[in-house]
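Residue numbers (our numbering): 0 to 180.
Structure, rendered in structure tokens:
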């Protein structure tokens with residue numbers, strides 16, 4: 000594969016920062032030598048997990064997503080606490096916090112960029128086999144309001160295909176599960 004032509008950063012200005020991301024406005028030189036601007040969201044990274052119960056159901060969470068103004072049905076997911084965190088540990092934490100489930104069997108599915116046009120957020124997706132209820136002392140974050148939905152895997156895959164589920168990480172995870180059967 001022939002390498003793509005690169006843009007060269009000539010100036011970077013940080014315009015926003017918080018505990019898990021920074022937003023930059025960059026001036027770049029394009030491969031044709033013209034100047035342009037790029038907005039970059041630098042993200043700490045995240046992990047997600049598709050929990051499958053012993054009965055073969057998938058457990059999803061429904062939550063309102065402000066940026067999209069949309070009630071989204073998703074696999075449990077969250078940001079890493081630190082850039083050096085193990086994504087599997089993050090996935091296990093999110094599974095417990097959001098669904099009160101645990102698993103002793105995890106399998107990496109894939110890692111993907113969530114919005115590669117403007118962000119470097121990389122999310123690692125895992126399968127949690129035989130996810131079972133557990134007493135979990137922490138629970139959801141105080142700014143999260145979600146409900147848990149248990150859906151037969153086949154139905155959830157159809158929902159991903161017919162557009163009922165729009166969240167990209169969830170669609171990828173469900174289509175991965177379809178390819179396994």
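From the three backbone atoms N, C-alpha and C, an ideal C-beta is built for every residue, glycine too.
Query: Taking all protein chains shown into account, do 16 or more other C-beta atoms lie within 10 angstroms of the C-beta of residue 51, making it buried, or fewer, making it exposed?; Result: buried
Query: Using CA coordinates, which residue listed in 24, 85, 79 is at the minimum distance from residue 14?; Result: 24
Query: First and last residue of the alpha helix (DSSP H) that includes residue 30?; Result: Careful: residue 30 lies outside any alpha helix (DSSP H) and carries neither H nor E.
Query: To the nearest angstrom, how far is the alpha carbon of residue 33 from that of residue 152?; Result: 50 Å
Query: Is the number of C-beta pairs between the stretch 36-46 and the stretch 106-119 that are closer than 8 Å three or more?; Result: yes
Query: Given this structure, state the Cα-to-Cα distance separating residue 149 from residue 27, to the nearest angstrom.; Result: 47 Å
Query: Could you tell me the distance, in whole angstroms, from the CA atom of residue 65 to the CA atom of residue 159?; Result: 21 Å
Query: Using 10 angstroms around the beta-carbon of residue 55, count the other beta-carbons present and answer buried if the total reaches 16, otherwise exposed.; Result: exposed
Query: Tell me the DSSP bridge mates of residue 151?; Result: 56
Query: Taking the alpha-carbon positions, what's the residue 74 to residue 37 distance?; Result: 31 Å
Query: Taking DSSP's pairing of strands, which residues face residue 73 in a bridge?; Result: 60
Query: Taking the alpha helix (DSSP H) that residue 92 falls in, what are its first and last residues?; Result: 86-98
Query: With DSSP as the reference, identify every bridge partner of residue 104, one or two as the case may be.; Result: 128
Query: Do residue 19 and residue 78 have their C-beta atoms closer together than 8 Å?; Result: yes
Query: Output yes or no for whether 8 Å exceeds the beta carbon distance between residue 177 and residue 164.; Result: no
Query: Look up residue 47 in the DSSP assignment and give the residues it is bridged to.; Result: 76, 124
Query: Are the CB atoms of residue 125 and residue 46 nearer to each other than 8 Å?; Result: yes
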